[in-house]
Structures are given as C-alpha cells and as structure tokens.
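Inspection log for the structure reproduced underneath, given as structure tokens.
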Amino acid sequence: MTISSPSTLTHSCSFVYFRPSGMSDMCSPQLQGVREDGSRFRLRHRHEFSHQRHKQDATLRVMPEVPERFSNLAIGFTPYLVKPSEDVIRWTVGEPGFDTPRPVVDAAIEALEAGQTKYTRGPGSMELCTQISEQLNRMWGLETTPETVMVTPGAKQALLYAMMVTMEAGDELLVPAPAWPTYEGQTALLGINIVFTETNDLFHPMIESMRSSITDKTKAILLNSPNNPTGAVYTPEEIQAIVALAVEHDLWIISDEIYARLLWVDWPHISPASIPGGAERTMIVTGFSKSFAMTGWRLGVLTGPKEAMKAAFACQANANSHVPTFLMPAASVALTQDEAVDEFCIQYNRRRNILMEGIASIPGMDLVEPEGAFYAFIDITSSGMTSIEFADRALDEARVQLIPGSLIEGGEGFVRVSYATDEADIREGIARLKAWLS
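Written out as structure tokens, the structure is:
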C-alpha cells in the first residue's frame, strides 16, 4: 500500500508497508519510505519509540534534591489534629465551635451572583481597608490609614510578609516560648534564626531574658498576645517594657494579635503600635478567622509603617495578587457583626470556666488560668508521664485527643487543649480523663 507523502518532509517520497519474507501475517508490518531515486528507508513503529522512552525513564527517574530547609517544616503536632475515630473527644483544634455569621455568608453569595469575580486592588478594596483601619484605630487606639492596610490570604501569610520585609536571611528573631510552631517553620523558610526567650510561671515574657538574648544579628521581636498555646495575655506594663527595649536596640516588633478580642482578664489588649515609639516599628498581624468564626475563609490582615507596607504590597503582588474579590464584601459585613462576636466570647468564657473547674478535679493535671484566646496549657508533670506519653495514653485509654507540649518549643511537661469545641465535648472529655487518671 502506498501512502501519500506528508508535506512536511524535506525530500519527496512515499510510504509503503513492507513485510519481510517469512514474517507471519500476525506480525506488525514495517513502515518504509521510498525516495524519488527508488531507495528505501525504514520508519520506526510507534511501539519502538514507546519502548525506548520507558527504558530512558528507568534511568532518568531520579528527582533532584529538595533544599534542606524544607526537611523539618511540617508542624509536628499535625497528626494530633486529625480525629482518628468518631468515639474520640477532640480537644486539639484551635477552631471556633460556631458557624460563620449568616449575614457574612449571604454577602459572599450576593457578591458572587453580582459577578464580583474579577481582579481587584492588590492590598484589598479601599472600602474594606478603610473599615479595617477605622476599627483598629477605634478599638486599640492606633493611627493606621487605609493605605497602610493589606488583606491577605490568612494571617499566616501576613506573618510571612511581616518577616520578609523586616529581616534578611541570617538575622535573628526573638520569640517568647512556649510559642506557636508556625513561627519556627516560617523563619526556617526565610533562613531567619529564631531565638526563644524565657517566660515566667504565668507564661508572661521575661524582659531580662529578651535583653540578654539580643545580639548584633537581632532584628525583631515577635509577640503573640493573647497567646497560643498558653492563653497568656501580656499586661500593659510588659508591652511598654518590650517597646522600650525595641526602641533602645532599634528592633522591629511583629505583633500577632489574631486573638485580641478574646480576653478574660481585667486589663485591656494593648498593641505595641499604640505605645509611644511603637508605631514606627510594629507590624500588626490580625484577621477574621478566630473572632468571626471564619477559619476556612482565609482572610488575614497586615498593617504597619508606610514604607514597610509598600514592601509588603510588593510581596503580595508577586505571590498571589490579592484575596478572592467576592470575599471582600463578606469581610466588610463581618466587621459589623459585633453582637455575634460578643456572644462567641460569652460562650468561650463559659467553656473556659467549665474546663478549669473540671481540670481542678483531675489528679495529675494542673492548670494556669487561661487569660485569653481559647487555649489552655495544662501541666501534667505530676502524672509522672512525658507529654507524648500522656497524650498518647489519653487517646488510647480515655479516647481524648490532646496535643503534647513537647511538640511546641518550651512545652515539655504540658499538653495543649482548645476549649473552642462545644460544651458537651468539654464535659465528656473531663469525665473520661478523670476516670482514666483516678
């Protein structure tokens, strides 16, 4: 059979199927080309190329190395966040036990239906940034402007940008311990060296420990108040002392204030940016996840000095442009839901009190009163077990899931629990732990 020559061939030729003598009819014929001068050339059959490709794959199937800095980035307690079975009481996840307020959900749906799915201003719509600025100024006595506010894909992204614009690889960041493990992971990503400083028996920062940890490589102090994992809320005097230290040594302050509205103490939340000398050197990280029960929406906020925020805007422009456009009207509505936030806080405080009363009745568990957020850091040293042993046995024998403190810097001898879960689970968990340890 003769096949017309494709126009892409350089030489004029035709193709024929050729079966050598003695070859079975069941064997695939060879495809040969016939040049104008009558000479023939053999074309390889498709399966021959395929076979050759597989042979090459076997020798080339070796992945280049992943940079070493990624080897230990996973949060060590991630396995403790996954509920292993339905009969387990989970006290591990720092997630509000409430649905997002319905007006917020409706606003997102309406924005989608209205076609708000196009690109928009990178730091966030001016309407939303104006609302955020006004609320921060009203609630915490700040002097932000809409032009220095950026909405980010979650507070983690805001934290990452804050580190990126204030430090270089090789610089040092001071962090009071115990501390949320993400700080350690993000500094590793950026090549920044994290230096943990001491806290007192109430998990409040020890200023002299900070002072003695400062070197010529120290560039910033990171604060998280109210605190995850301990629930500590730093006093106004402590914040003032830290700002004074930062001014003295010309350091940045990265202030993680995601839990600022969840307070159970007599003193108010104080942002370092509200202290004289603090605004010029403080990057504030906050967001919608915790206060408004919007963890899955991934809406964070970063604000700080004008020039630092210009750099942060550039980070976002090159990383992810902006948060989804249709979420911005929903975020604007969330900022009007003060009654819902107040009700959430009433319920969290009620659950905290139930937890404290219950833990006080359990042998082998001692609790420093949580002052804010929705976490408790429980001392289990009198049980005679390590943190890992205690958490693993609590899961196996009491069917209560806890996070071992040893997976958090400075947390050996403790377990972290979240009382953001529903009240019934708190009561049932207490009953199970009491039966197990009594």
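Heads up: the sequence shown at position 357 corresponds to 357 in the numbering used here, and the numbers run straight through without jumps. All residues carry an ideal CB built from backbone N, CA and C; glycine is no exception.
Buried versus exposed, by CB contacts within 10 Å (16 or more), Arg-351: What you label residue 351 is simply residue 351 of the sequence shown in a count that begins at 1. If you draw a 10 Å sphere on the C-beta of Arg-351, you find 16 or more other C-beta atoms in it, and that means buried.
Alpha-carbon to alpha-carbon, Ser-71 and Met-23: Here residue 23 is taken as the residue at index 23 of the sequence shown, counted from 1. Here residue 71 is taken as the residue at index 71 of the sequence shown, counted from 1. Caution is warranted here: a pLDDT of 46 is assigned to Met-23, below 50, making its placement in the model unreliable, and the coordinate value is therefore given only provisionally. Answer to the nearest angstrom: the Cα atoms are 57 Å apart.
Those residues which DSSP pairs with Arg-90 across a bridge: Numbered from its first residue, the sequence shown carries residue 90 at position 90. Arg-90 is bridged to Gln-401.
Enclosing beta strand (DSSP E) for Arg-416 [first to last residue]: The residue labelled residue 416 in the question sits at position 416 within the sequence shown. Where Arg-416 is concerned, the enclosing beta strand (DSSP E) stretches over 414 to 418.
Buried or exposed (CB count within 10 angstroms, at least 16 for buried), Gly-231: Within the sequence shown, the letter at position 231 stands for residue 231. With 16 or more Cβ atoms within 10 Å of its Cβ, Gly-231 is classed as buried.
Reduced DSSP secondary structure (H/G/I, E/B, other) of Leu-395: Here residue 395 refers to the residue found at position 395 when the sequence shown is read from its first residue. If DSSP states are grouped into helix, strand and coil, Leu-395 belongs with the helices.
Continuous alpha helix (DSSP H) assignments of at least 4 residues falling wholly in the region 87 to 142: Fully enclosed alpha helix (DSSP H) runs of 4 or longer: 102 to 113, 126 to 140.
Leu-433 to Ala-155 span [Cα, whole Å]: On the sequence shown, residue 433 is found 433 positions in, with the first residue counted as 1. On the sequence shown, residue 155 is found 155 positions in, with the first residue counted as 1. Leu-433 and Ala-155 have their C-alpha atoms some 34 Å from each other.
Extent of the continuous beta strand (DSSP E) to which Thr-303 belongs: Walking along the sequence shown from the start, residue 303 turns up at place 303. The continuous beta strand (DSSP E) containing Thr-303 extends over residues 300 to 303.
Within 7 Å, strictly: CB atoms of Glu-198 and Ser-209: Sequence index remark: in the sequence shown, residue 198 carries index 198 (1-based). Sequence index remark: in the sequence shown, residue 209 carries index 209 (1-based). Taking 7 Å as the cut-off, the Cβ atoms of Glu-198 and Ser-209 count as close.
Spatial neighbours of Gly-384 in its chain, beta-carbon cut-off 6 Å, leaving aside the 5 residues before and after: Working through the sequence shown from its first residue, we reach residue 384 at position 384. Closer than 6 Å at the Cβ level, and outside the excluded window around Gly-384, lies no residue.
Bridge partner(s) assigned by DSSP for Glu-172: In the sequence shown, counting from the first residue as 1, residue 172 sits at position 172. In the DSSP output, where bridge partners are listed per residue, Glu-172 has Asn-193, Thr-218.
Spatial neighbours of Leu-245 in its chain, beta-carbon cut-off 7 Å, leaving aside the 5 residues before and after: Position 245 of the sequence shown holds residue 245. The beta carbon of Leu-245 is closer than 7 Å to those of Ile-207, Met-210, Arg-211 in its chain, skipping five residues each way along the sequence.
Counted within 10 angstroms of its Cβ, other Cβ atoms place Ser-21 as buried (16 or more) or exposed: As a first step, residue 21 is located in the sequence shown; it is residue number 21 there, counting from the start. Here Ser-21 scores only 48 on pLDDT, less than 50, and its place in the model is too uncertain to base an answer on.
Start-to-end residues for the beta strand (DSSP E) that takes in Phe-77: In the sequence shown, the residue the question calls residue 77 occupies position 77. No beta strand (DSSP E) holds Phe-77; DSSP gives it neither H nor E.
Backbone secondary structure at Tyr-161 - three-state DSSP: For the purposes of this step, residue 161 is identified with residue 161 of the sequence shown, where counting begins at 1. Reduced to three states, the DSSP call for Tyr-161 is helix.
Cut-off 7 Å between Cβ atoms - residues of its own chain near Glu-95, not counting five sequence neighbours on either side: Along the sequence shown, read from residue 1 onward, the residue named residue 95 stands at position 95. Closer than 7 Å at the Cβ level, and outside the excluded window around Glu-95, lie Thr-295, Ala-420.
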